[in-house]
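Below is one structure, written out as C-alpha coordinates; comments come after it.
Structure follows, in C-alpha coordinates:
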(Lines of atoms letter the chains of each structure in order from A; the text may use other names.)
(Lines give C-alpha, C1' and ligand atoms only; values in the text may rest on other atoms or scores of the structure.)
Protein backbone atom coordinates (compact mmCIF):
# COMPACT_ATOMS: atom_id res chain seq x y z
CA UNK A 57 0.00 0.00 0.00
CA UNK A 58 1.34 3.41 -0.93
CA UNK A 59 2.28 5.76 1.89
CA UNK A 60 2.19 8.80 -0.38
CA UNK A 61 0.36 11.88 0.80
CA UNK A 62 -2.11 13.16 -1.79
CA UNK A 63 -2.98 16.73 -2.78
CA UNK A 64 -5.68 17.88 -5.20
CA UNK A 65 -4.38 20.59 -7.55
CA UNK A 66 -7.07 22.79 -9.13
CA UNK A 67 -5.34 24.52 -12.02
CA UNK A 68 -6.01 26.50 -15.23
CA UNK A 69 -4.12 26.78 -18.51
CA UNK A 70 -5.03 30.50 -18.69
CA UNK A 71 -3.67 31.30 -15.23
CA UNK A 72 -0.14 32.72 -15.12
CA UNK A 73 -0.14 31.99 -11.40
CA UNK A 74 -0.81 28.33 -12.16
CA UNK A 75 2.16 28.33 -14.51
CA UNK A 76 4.40 29.96 -11.89
CA UNK A 77 3.48 27.25 -9.36
CA UNK A 78 3.83 24.19 -11.55
CA UNK A 79 7.59 23.75 -11.74
CA UNK A 80 7.75 23.58 -7.94
CA UNK A 81 4.85 21.14 -7.77
CA UNK A 82 6.50 18.89 -10.33
CA UNK A 83 9.73 19.03 -8.36
CA UNK A 84 7.90 18.05 -5.17
CA UNK A 85 6.33 15.06 -6.88
CA UNK A 86 9.78 13.88 -7.92
CA UNK A 87 11.44 14.56 -4.56
CA UNK A 88 8.80 13.45 -2.08
CA UNK A 89 6.38 10.61 -1.48
CA UNK A 90 3.60 12.80 -2.81
CA UNK A 91 0.77 12.23 -5.24
CA UNK A 92 -0.55 15.32 -7.01
CA UNK A 93 -4.08 14.83 -8.32
CA UNK A 94 -4.08 17.25 -11.23
CA UNK A 95 -7.62 18.60 -11.66
CA UNK A 96 -7.84 21.16 -14.48
CA UNK A 97 -10.68 23.67 -14.41
CA UNK A 98 -11.76 26.43 -16.75
CA UNK A 99 -10.38 29.88 -15.94
CA UNK A 100 -12.50 32.51 -14.24
CA UNK A 101 -12.89 34.28 -17.60
CA UNK A 102 -14.93 31.26 -18.73
CA UNK A 103 -16.50 30.19 -15.42
CA UNK A 104 -17.41 33.71 -14.26
CA UNK A 105 -16.84 36.18 -17.12
CA UNK A 106 -18.63 38.98 -15.27
CA UNK A 107 -15.77 38.97 -12.75
CA UNK A 108 -13.94 41.51 -14.89
CA UNK A 109 -16.88 43.93 -14.80
CA UNK A 110 -16.71 44.57 -11.07
CA UNK A 111 -13.03 44.55 -10.11
CA UNK A 112 -11.33 47.68 -8.81
CA UNK A 113 -9.89 49.92 -11.57
CA UNK A 114 -6.36 49.26 -10.29
CA UNK A 115 -6.78 45.50 -10.44
CA UNK A 116 -5.39 44.88 -13.93
CA UNK A 117 -2.39 47.20 -13.67
CA UNK A 118 -1.40 45.72 -10.31
CA UNK A 119 -1.91 42.20 -11.60
CA UNK A 120 0.43 42.83 -14.53
CA UNK A 121 3.07 44.43 -12.32
CA UNK A 122 2.93 41.62 -9.80
CA UNK A 123 2.96 38.65 -12.16
CA UNK A 124 6.01 39.86 -14.06
CA UNK A 125 8.03 40.56 -10.93
CA UNK A 126 7.13 37.19 -9.35
CA UNK A 127 8.26 35.44 -12.54
CA UNK A 128 11.52 37.38 -12.36
CA UNK A 129 11.98 36.45 -8.70
CA UNK A 130 11.37 32.77 -9.52
CA UNK A 131 13.72 33.02 -12.52
CA UNK A 132 11.05 31.69 -14.87
CA UNK A 133 10.55 33.07 -18.40
CA UNK A 134 7.31 34.99 -18.71
CA UNK A 135 5.63 36.61 -21.71
CA UNK A 136 1.90 37.22 -22.13
CA UNK A 137 0.88 34.47 -24.55
CA UNK A 138 0.14 34.90 -28.24
CA UNK A 139 -2.48 33.67 -28.77
CA UNK A 140 -4.12 34.09 -25.40
CA UNK A 141 -5.70 30.77 -24.36
CA UNK A 142 -8.95 32.67 -23.76
CA UNK A 143 -10.36 34.95 -26.44
CA UNK A 144 -11.56 38.22 -24.94
CA UNK A 145 -12.37 41.65 -26.33
CA UNK A 146 -13.30 45.11 -25.08
CA UNK A 147 -16.88 46.12 -25.78
CA UNK A 148 -18.18 49.60 -26.61
CA UNK A 149 -18.44 50.36 -22.88
CA UNK A 150 -14.83 49.45 -22.23
CA UNK A 151 -15.71 46.22 -20.44
CA UNK A 152 -13.75 43.05 -20.99
CA UNK A 153 -15.94 40.35 -22.55
CA UNK A 154 -15.27 36.65 -23.13
CA UNK A 155 -15.92 35.47 -26.67
CA UNK A 156 -18.46 32.77 -27.38
CA UNK A 157 -15.97 30.72 -29.42
CA UNK A 158 -13.07 29.37 -27.35
CA UNK A 159 -11.03 26.93 -29.44
CA UNK A 160 -7.91 27.02 -27.26
CA UNK A 161 -9.04 26.72 -23.65
CA UNK A 162 -11.55 23.92 -24.25
CA UNK A 163 -8.97 21.86 -26.06
CA UNK A 164 -6.23 22.50 -23.50
CA UNK A 165 -8.42 21.75 -20.50
CA UNK A 166 -9.74 18.50 -21.99
CA UNK A 167 -6.20 17.47 -22.89
CA UNK A 168 -5.27 18.19 -19.28
CA UNK A 169 -7.95 15.80 -18.06
CA UNK A 170 -6.61 13.06 -20.31
CA UNK A 171 -3.06 13.71 -19.13
CA UNK A 172 -4.20 13.39 -15.52
CA UNK A 173 -5.97 10.13 -16.32
CA UNK A 174 -2.71 8.79 -17.76
CA UNK A 175 -0.76 9.77 -14.66
CA UNK A 176 1.06 12.65 -16.35
CA UNK A 177 -1.05 15.61 -15.28
CA UNK A 178 1.60 17.77 -13.60
CA UNK A 179 4.18 16.88 -16.24
CA UNK A 180 1.80 17.92 -19.02
CA UNK A 181 0.82 21.10 -17.16
CA UNK A 182 4.46 22.05 -16.69
CA UNK A 183 5.53 21.44 -20.28
CA UNK A 184 2.47 23.05 -21.87
CA UNK A 185 2.25 26.06 -19.55
CA UNK A 186 5.95 26.72 -20.11
CA UNK A 187 5.26 26.66 -23.83
CA UNK A 188 2.30 29.05 -23.52
CA UNK A 189 3.68 31.48 -20.93
CA UNK A 190 7.41 31.11 -21.51
CA UNK A 191 7.63 33.17 -24.69
CA UNK A 192 6.79 30.85 -27.60
CA UNK A 193 4.75 33.03 -29.94
CA UNK A 194 2.33 30.95 -31.96
CA UNK A 195 2.48 28.14 -29.41
CA UNK A 196 -0.59 26.61 -31.10
CA UNK A 197 1.11 26.39 -34.50
CA UNK A 198 3.43 23.82 -36.02
CA UNK A 199 4.71 21.08 -33.75
CA UNK A 200 5.17 23.18 -30.58
CA UNK A 201 2.30 21.61 -28.66
CA UNK A 202 3.08 18.11 -29.91
CA UNK A 203 6.69 18.45 -28.77
CA UNK A 204 5.67 19.74 -25.35
CA UNK A 205 3.22 16.86 -24.98
CA UNK A 206 5.92 14.38 -25.96
CA UNK A 207 8.25 15.83 -23.32
CA UNK A 208 5.55 14.93 -20.80
CA UNK A 209 5.55 11.36 -22.12
CA UNK A 210 2.28 11.61 -24.05
CA UNK A 211 1.05 11.66 -27.66
CA UNK A 212 -0.83 14.76 -28.78
CA UNK A 213 -2.24 13.06 -31.86
CA UNK A 214 -3.77 10.26 -29.83
CA UNK A 215 -5.11 12.69 -27.24
CA UNK A 216 -6.61 15.06 -29.82
CA UNK A 217 -8.51 12.14 -31.34
CA UNK A 218 -9.72 11.15 -27.90
CA UNK A 219 -10.97 14.61 -26.90
CA UNK A 220 -13.17 14.63 -30.00
CA UNK A 221 -14.65 11.19 -29.37
CA UNK A 222 -14.99 11.67 -25.60
CA UNK A 223 -15.90 15.37 -25.41
CA UNK A 224 -19.04 14.83 -23.33
CA UNK A 225 -17.30 12.63 -20.78
CA UNK A 226 -14.33 14.97 -20.46
CA UNK A 227 -16.62 17.95 -20.03
CA UNK A 228 -18.33 16.09 -17.20
CA UNK A 229 -14.97 15.54 -15.50
CA UNK A 230 -14.16 19.25 -15.79
CA UNK A 231 -17.51 20.21 -14.29
CA UNK A 232 -16.90 17.78 -11.43
CA UNK A 233 -13.46 19.29 -10.87
CA UNK A 234 -15.01 22.75 -10.71
CA UNK A 235 -17.62 21.63 -8.18
CA UNK A 236 -14.95 20.03 -6.00
CA UNK A 237 -12.80 23.14 -6.37
CA UNK A 238 -15.56 25.23 -4.81
CA UNK A 239 -16.17 22.61 -2.13
CA UNK A 240 -12.46 22.72 -1.27
CA UNK A 241 -12.94 26.29 -0.08
CA UNK A 242 -11.75 28.61 -2.84
CA UNK A 243 -12.55 29.75 -6.36
CA UNK A 244 -9.17 30.88 -7.67
CA UNK A 245 -6.30 28.99 -9.23
CA UNK A 246 -4.01 27.45 -8.43
CA UNK A 247 -5.67 26.00 -5.35
CA UNK A 248 -4.15 22.99 -3.68
CA UNK A 249 -6.41 21.09 -1.31
CA UNK A 250 -5.13 18.82 1.44
CA UNK A 251 -6.77 17.52 4.60
CA UNK A 252 -9.79 19.78 4.29
CA UNK A 253 -7.67 22.90 3.86
CA UNK A 254 -7.37 25.03 0.69
CA UNK A 255 -4.03 26.62 -0.15
CA UNK A 256 -4.71 29.29 -2.78
CA UNK A 257 -2.00 30.81 -4.93
CA UNK A 258 1.58 30.10 -5.86
CA UNK A 259 2.59 32.17 -2.83
CA UNK A 260 1.05 29.58 -0.46
CA UNK A 261 3.08 26.65 -1.69
CA UNK A 262 5.59 27.08 1.14
CA UNK A 263 2.73 26.93 3.62
CA UNK A 264 1.42 23.78 1.95
CA UNK A 265 4.84 22.15 2.08
CA UNK A 266 5.11 23.03 5.78
CA UNK A 267 1.72 21.41 6.39
CA UNK A 268 2.66 18.29 4.43
CA UNK A 269 5.91 17.91 6.37
CA UNK A 270 3.99 18.23 9.64
CA UNK A 271 1.80 15.39 8.32
CA UNK A 272 4.84 13.21 7.76
CA UNK A 273 5.85 13.91 4.17
CA UNK A 274 8.95 11.90 3.35
CA UNK A 275 11.60 12.12 0.65
CA UNK A 276 11.60 9.39 -1.97
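Residue numbers (the working numbering): 57 to 276. Note that CB positions come from ideal geometry on N, CA and C, so glycine has one too.
- Scanning its chain for C-beta atoms nearer than 6 Å, with the 5 sequence neighbours on each side dropped, one finds around residue 264 the residues 248 and 255, in chain order.
- Under DSSP, residue 101 shares a beta bridge with no residue.
- If you ignore the 5 residues before and after residue 104, its C-beta comes within less than 7 Å of no other C-beta in its own chain.
- Residue 93 is bridged by DSSP to 64.
- Here residue 254 carries a strand assignment [DSSP, helix/strand/coil].
- Residue 143 sits close to residue 157, with the two beta carbons spaced by under 8 Å.
- Comparing alpha carbon positions, the residue from 174, 82 and 275 closest to residue 186 is 82.
- At a Cβ-Cβ threshold of 8 Å, residue 226 and residue 166 count as neighbours.
- In this structure, residue 180 lies near residue 210, with their beta-carbon atoms less than 8 Å apart.
- In terms of Cα proximity to residue 135, the closest of 190, 218, 117 and 146 is 190.
- Shortest Cα-Cα distance from residue 260 to any of 60, 88, 78 and 59 involves 78.
- Around the beta carbon of residue 233, 16 or more other beta carbons lie within 10 angstroms, which makes this residue buried.
- In the same chain as residue 107, and ignoring 5 residues on each side of it, the C-beta atoms closer than 6 Å to its own belong to 100, in chain order.
- Beyond the five residues adjoining it in sequence on each side, residue 127 comes within less than 8 Å, by CB distance, of 72, 76, 133 and 134 in the same chain, given in chain order.
- In this model, residue 195 and residue 62 are separated by some 32 Å (Cα to Cα).
- The alpha carbon of residue 147 has as its nearest neighbour, out of 121, 188, 97 and 109, the alpha carbon of 109.
- In the DSSP annotation of this structure, the continuous segment of the beta strand (DSSP E) that includes residue 153 starts and ends at 152-154.
- The residue among 117, 162 and 176 with its C-alpha nearest the C-alpha of residue 86 is 176.
- If you look at residue 134, you'll find it isn't in any alpha helix (DSSP H); DSSP assigns it neither H nor E.
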